[in-house]
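Numbering (full-length UniProt numbering), first residue to last: 1 to 133.
Shown next, in the form of structure tokens:
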């Protein structure tokens, strides 16, 4: 199980070191995809394929299925965690989400989320406002 919040920095080559407590629970390859908000998600192969199956099983319309598949598969990359525990995040993905050097890595049970530090703080503050309503 993946859990916790970790503050890390990407290096100049878009490499991000995953916390040892998290990376020791993952094996190569891992799958990086855009999340539901302004984040990235990292999945193990088995959990990623299970998640995709659950999403696609919810839709009956073939056009909906094709559109969902198009979005998911075109925004997913297969990555290996290197011997130093790093992943290299493709530049185009970083740019599309405006992810900066300073990030938060969140363990969410079966996946990791990567957030730009500023965006995560904004998101977290908004959650607090919504909860207090």
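We put the beta carbon where it would ideally sit given N, CA and C, even for glycine.
Under 9 Å between the Cβ atoms of residue 106 and residue 38?
Walking along the chain shown from the start, residue 106 turns up at place 106. Walking along the chain shown from the start, residue 38 turns up at place 38. Contact: no.
Report the three-state DSSP secondary structure of residue 96 (helix, strand or coil).
Counted from its first residue, the chain shown places residue 96 at position 96. If DSSP states are grouped into helix, strand and coil, residue 96 belongs with the helices.
Short Cβ contact (9 Å threshold) for residue 114 with residue 42
The residue labelled residue 114 in the question sits at position 114 within the chain shown. The residue labelled residue 42 in the question sits at position 42 within the chain shown. A contact, by the Cβ cut-off of 9 Å.
Using only the alpha-carbon positions, how far apart do residue 40 and residue 76 sit?
The residue given as residue 40 occupies position 40 in the chain shown. The residue given as residue 76 occupies position 76 in the chain shown. Each residue's alpha carbon lies about 10 Å from the other.
How big is the Cα-Cα spacing for residue 92 and residue 47?
Mapped onto the chain shown, residue 92 falls at position 92. Mapped onto the chain shown, residue 47 falls at position 47. Cα-Cα distance, rounded: 24 Å.
On a Cα-Cα basis, can you pick out the residue from 69, 102, 34, 87 that is closest to residue 121?
Your numbering for residue 121 matches position 121 in the chain shown. That would be 102, whose Cα lies nearest to the Cα of residue 121.
Whole-number beta carbon distance between residue 18 and residue 110, since they are thought to touch under 8 Å
Position 110 of the chain shown holds residue 110. Position 18 of the chain shown holds residue 18. Not a contact, Cβ separation roughly 15 Å.
At 4 residues or longer, what runs of the alpha helix (DSSP H) sit wholly inside the region 48-93?
If we require 4 residues or more, the alpha helix (DSSP H) runs fully inside the region 48-93 come out as 62-74.
How far does the beta strand (DSSP E) with residue 32 in it extend, from its first residue to its last?
As a position in the chain shown, residue 32 is number 32, starting the count at 1. Taken as a continuous stretch (DSSP letters only), the beta strand (DSSP E) holding residue 32 covers 30-34.
Can you tell me the Cα-Cα spacing of residue 88 and residue 124, whole angstroms?
The residue given as residue 88 occupies position 88 in the chain shown. The residue given as residue 124 occupies position 124 in the chain shown. The straight-line gap from Cα to Cα measures roughly 26 Å.
Sub-9 Å separation of residue 117 and residue 7 beta-carbons
The residue you call residue 117 lines up with position 117 of the chain shown. The residue you call residue 7 lines up with position 7 of the chain shown. Contact: yes.
On the premise that residue 81 lies in contact with residue 30, defined as a C-beta separation below 8 Å, what is that separation, rounded to the nearest angstrom?
For the purposes of this step, residue 30 is taken as residue 30 along the chain shown, with counting starting at 1. For the purposes of this step, residue 81 is taken as residue 81 along the chain shown, with counting starting at 1. Their Cβ separation, rounded to whole angstroms, is 6 Å, which keeps residue 30 and residue 81 in contact under 8 Å.
In angstroms with no decimal places, state the Cα-to-Cα distance between residue 34 and residue 90.
As a position in the chain shown, residue 34 is number 34, starting the count at 1. As a position in the chain shown, residue 90 is number 90, starting the count at 1. Those two C-alpha atoms are separated by around 12 Å.
Using the three-state DSSP reduction, which class does residue 46 fall into: helix, strand or coil?
If you number the chain shown from 1, residue 46 lands on position 46. Note: residue 46 maps to helix in three-state DSSP.
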